[in-house]
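K.L.:
Straight run, no breaks: the sequence shown in our numbering ends on number 174. Dropping a structure here in structure tokens format, bear with me for questions.
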Amino acid sequence: MTIAVSPGSYDPITLGHLDIIRRAAALFDEVVVGVAKNSSKSALLDADQRVALAETACADIPGVRVELVPGLLVDFCREIGATVIAKGLRGGADFDAELPMALMNRHLVGVETVFIPGDPALAHIASSLVKDVARFGGSIDDCVPDGVSSVLRAALDGTVVGSRNPPKQGVS
């Protein structure tokens with residue numbers, strides 16, 4: 003049985019992520035969506051929220067489960083018996099960023115990385131852009147799975163630029 007990990011910060015999970023997860027599920031016996039902490043990013047949603055949103059979004063995809071990655075991805079892969087990392091690529095910049103990580107992961111534990119080209123219709127969707135659009139009050143419903151938009155807006159409550167609701171004041 004081939005277990006693949008589809009890792010990401012999923013802050014928040016998007017339709018682009020789901021495209022890659024669905025396609026990976028068609029290639030491997032089991033896909034574990036690994037919700038990880040990206041040390042170069044500051045997450046808006048906490049780990050439990052990101053896991054819960056991913057679980058809901060992936061609930062209808064056979065052979066997919068969601069787990070939190072507590073540390074190094076390669077250690078997680080070894081612990082769950084994964085031999086493949088499945089990553090989506092939107093374009094050349096993604097490849098340039100992902101290739102060194104793929105080579106290091108193979109160097110450390112021998113796990114191979116498979117790159118899945120993203121659907122061109124979703125190539126403009128990135129979690130960071132989704133958060134920016136939401137932060138300025140724009141619609142993101144067609145970029146994220148059901149339920150994600152409301153959770154994201156709640157996390158941004160008080161920080162949405164141009165919001166009709168004033169920021170909530172802290173209690174002293």
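Quick reminder that beta carbons are idealized off the backbone N, C-alpha and C, glycines included.
(1) If you draw a straight line from the alpha carbon of residue 59 to that of residue 96, how long is it in whole angstroms?
(2) Given a threshold of 16 other Cβ atoms within 10 Å of its Cβ, counted over all protein chains shown, does residue 44 qualify as buried or as exposed?
(3) If I measure Cβ to Cβ from residue 68 and keep anything under 7 Å in the same chain, skipping five residues before and after, which residues do I get?
(4) Taking just the CA atoms, how far does residue 31 sit from residue 46?
(5) Could you spell out where the alpha helix (DSSP H) holding residue 175 opens and where it closes?
(6) Does the region 84 to 94 come close enough to the region 7 to 24 to have 3 or more Cβ pairs within less than 8 Å?
(7) Could you name the residues of the same chain whose beta carbon sits closer than 7 Å to that of residue 107, not counting the 5 residues immediately before and after it, in chain order?
(8) I'd like to know whether the C-beta of residue 26 is nearer than 9 Å to at least one C-beta of chain B.
(9) Can you tell me the Cα-Cα spacing of residue 157 and residue 144, whole angstroms?
(10) What did DSSP end up calling residue 43 once you bin it into helix, strand or coil?
(11) Under three-state DSSP, which class holds residue 64?
(12) When the distance is taken between beta carbons, is residue 51 closer than 9 Å to residue 132?
(13) In three-state DSSP terms, what is residue 129?
(14) If I measure Cβ to Cβ from residue 163 and keep anything under 8 Å in the same chain, skipping five residues before and after, which residues do I get?
(15) Taking the alpha carbon of residue 6 as the point to measure from, which residue in 123, 27 and 159 has its own alpha carbon closest?
P.N.:
By the coordinates alone:
(1) By 1-based counting over the sequence shown, the position of residue 59 is 57. By 1-based counting over the sequence shown, the position of residue 96 is 94. Answer to the nearest angstrom: the Cα atoms are 23 Å apart.
(2) Position 42 of the sequence shown, counted from the start, is the residue given in the question as residue 44. Looking at its Cβ environment, which holds fewer than 16 other Cβ atoms inside 10 Å, residue 44 is exposed.
(3) Working through the sequence shown from its first residue, we reach residue 68 at position 66. Excluding positions up to five away in sequence, the list reads 35, 37, 53, 56, 57 and 60.
(4) Position 44 of the sequence shown, counted from the start, is the residue given in the question as residue 46. Position 29 of the sequence shown, counted from the start, is the residue given in the question as residue 31. The straight-line gap from Cα to Cα measures roughly 32 Å.
(5) The shown model of the chain, from 3 to 174, leaves out residue 175, and the question about it has no answer.
(6) yes
(7) Numbered from its first residue, the sequence shown carries residue 107 at position 105. The answer, listed in chain order, is 75, 76, 87, 113 and 115.
(8) Note that chain B does not occur in the displayed structure, where there is just one protein chain.
(9) Within the sequence shown, residue 157 is the residue found at index 155, counting from 1. Within the sequence shown, residue 144 is the residue found at index 142, counting from 1. If I take the Cα positions, the gap works out to 19 Å.
(10) On the sequence shown, residue 43 is found 41 positions in, with the first residue counted as 1. Coil at residue 43, not helix or strand.
(11) The sequence position of residue 64 within the sequence shown is 62, counting from 1. DSSP places residue 64 in coil when its eight states are reduced to three.
(12) For the purposes of this step, residue 132 is identified with residue 130 of the sequence shown, where counting begins at 1. For the purposes of this step, residue 51 is identified with residue 49 of the sequence shown, where counting begins at 1. No, these two residues do not count as a Cβ contact at 9 Å.
(13) Here residue 129 is taken as the residue at index 127 of the sequence shown, counted from 1. Residue state, collapsed to three classes: helix.
(14) Looking up residue 163 in the sequence shown gives position 161. Caution applies to residue 163, whose pLDDT of 48 falls short of 50 and renders its modelled position unreliable; the model cannot decide the point.
(15) The residue labelled residue 6 in the question sits at position 4 within the sequence shown. Per the Cα distances, 27.
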